[in-house]
Amino acid sequence: WRALRYATFEIASDVEIAFMAVQQDWRALQYLSSENRDNKELLETAVQQSGLALRYASKRLQKDHDTVLAAVRQNGNAFSHAAAELRADRQFVLAAVWKNGAALRYVDPDLRADREVALAAVSGWD
Numbered sequence: 001w002r003a004l005r006y007a008t009f010e011i012a013s014d015v016e017i018a019f020m021a022v023q024q025d026w027r028a029l030q031y032l033s034s035e036n037r038d039n040k041e042l043l044e045t046a047v048q049q050s051g052l053a054l055r056y057a058s059k060r061l062q063k064d065h066d067t068v069l070a071a072v073r074q075n076g077n078a079f080s081h082a083a084a085e086l087r088a089d090r091q092f093v094l095a096a097v098w099k100n101g102a103a104l105r106y107v108d109p110d111l112r113a114d115r116e117v118a119l120a121a122v123s124g125w126d
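Residues in the sequence shown are numbered from 1 upward in steps of one, following this note's numbering.
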């Protein structure tokens with residue numbers, strides 16, 4: 001997967017190569033084309049290894065509820081790479097911190113003071 005660092009744009013845009021690389025290591029996402037970084041199926045493959053793969057996702061996928069929840073479930077710190085509007089959406093935050101209480105660290109400051117959010121985070125803390 002590290003060879004992608006030196007690959008041409010055409011290679012970094014090849015979906016088959018992208019899947020091969022991401023199956024080896026989620027960090028391959030950083031070397032892929034923006035089109036591949038916007039591929040939900042490809043990102044789901046990466047998120048299964050590490051929720052931190054959300055860092056390299058397209059802005060569209062960083063706003064996608066299902067994608068972000070899967071990433072947070074795998075690693076609470078992935079919430080730091082979620083779109084700001086999701087980190088400030090009370091209903092979404094409740095779901096995220098319920099999946100992984102560590103996500104509370106990246107919640108909008110106003111929501112961190114919310115008792116129900118805090119209870120959900122404590123319940124979701126591993």
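Every residue, glycine too, gets a C-beta built ideally from N, C-alpha and C. Model, not experiment: these values are computed from the prediction.
#### Entry: Reduced DSSP secondary structure (H/G/I, E/B, other) of THR45
helix
### Query
Alpha carbon to alpha carbon, how far is SER13 from TYR31?
10 Å
### Task
Quick one: residues in its chain with C-beta nearer than 6 Å to the C-beta of SER33, no 5 flanking neighbours on either side, listed in chain order?
ALA12 and SER13
### Task
Could you give the DSSP three-state label for ARG60: helix, strand or coil?
coil
### Expected contact under 8 Å - CB spacing of LEU94 and ALA120 to nearest Å
5 Å
### Task
Could you tell me the distance, in whole angstroms, from the CA atom of VAL47 to the CA atom of ALA118?
25 Å
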